[in-house]
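Q: The structure under discussion is supplied below as structure tokens; questions concerning it will follow.
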Amino acid sequence: MLFNIILGTGVALSILLSAHPASTVELEDRVKDAFTPPPITVDPIVTPMDIQLIRPFNYSSYNAYEKSFTLDPDNGEDADVWIQNNSRDTIYAKLTVGNLSPIDIPIKKGTQKTTKIGVIGTTNVKVYIYSSTSHKMDMNISARQF
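Set out below in structure tokens:
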């Protein structure tokens, strides 16, 4: 009888042990799946952000304002230069794009102008703003590429 009990216990243990490794592997896989982060996917569509060429700020001075920046076609197809005249008289913006002749843009007091520039290639842009009457200029300016 003792022999039967030992034999029965041995068979029962062998059945449990043979099932145990499979359940352990299964359990390990479940735990691994639960703690494994999802794969990182690269989205082929990149939504471009505006590139600030001239950060928005207020300029107040008797001296002319001058700033240069470079347009890069990788940053977008268009650019804007925005100027708001808070002065007591007209100010003039001279905008030079690449090797083209400068464009004179009058901006009357209390008005604002946005000048659009199409970006074809890497291009240098120069912004020069002055007063023809030597009055103190007070203006807001910004430029962006998008």
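Quick note: the sequence shown uses our numbering, first residue 22, plus one each step.
Glycine included, every Cβ here is placed at the ideal spot set by N, Cα and C.
Thinking C-alpha only, which one of Asn96, Ser163 and Asn145 is nearest Thr136?
A: When only C-alpha atoms are compared, the closest one is Ser163.
Q: Using beta-carbon positions only, say whether Ile104 and Met160 come within less than 8 Å of one another.
A: A contact, by the Cβ cut-off of 8 Å.
Q: Could you check how far apart the C-beta atoms of Lys129 and Asn106 are, in whole angstroms? I think they sit under 8 Å.
A: Contact flag correct, Cβ pair sits at about 7 Å.
Q: To the nearest angstrom, how far is it from the Cα of Asn145 to the Cα of Phe90?
A: Going from the Cα of Asn145 to the Cα of Phe90 covers about 6 Å.
Q: Is it buried or exposed for Arg109, if we count other Cβ within 10 angstroms and need 16 for buried?
A: Under this definition Arg109 is an exposed residue.
Q: Out of curiosity, what's the CA-to-CA distance linking Met158 and Asn96?
A: Roughly 31 Å separates the two Cα atoms.
Q: In terms of residues, what are the limits of the beta strand (DSSP E) holding Ala164?
A: Looking at the DSSP string, the run of the beta strand (DSSP E) that includes Ala164 is Met158 to Gln166.
Q: What three-state label does DSSP hand Asp101 in the structure shown?
A: Strand.
Q: Just verifying my parser: in three-state terms, what is the DSSP assignment at Ser89?
A: Reduced to three states, the DSSP call for Ser89 is strand.
Q: With respect to the beta strand (DSSP E) encompassing Lys147, which residues constitute its N-terminal and C-terminal limits?
A: Where Lys147 is concerned, the enclosing beta strand (DSSP E) stretches over Thr144 to Tyr151.
Q: At the level of alpha carbons, what is the spacing between Asn79 and Arg165?
A: If you take the alpha carbons of Asn79 and Arg165, they lie about 16 Å apart.
Q: Can you say whether Leu74 is buried or exposed, counting buried as having 16 or more other CB atoms within 10 angstroms of its CB?
A: Burial call: buried.
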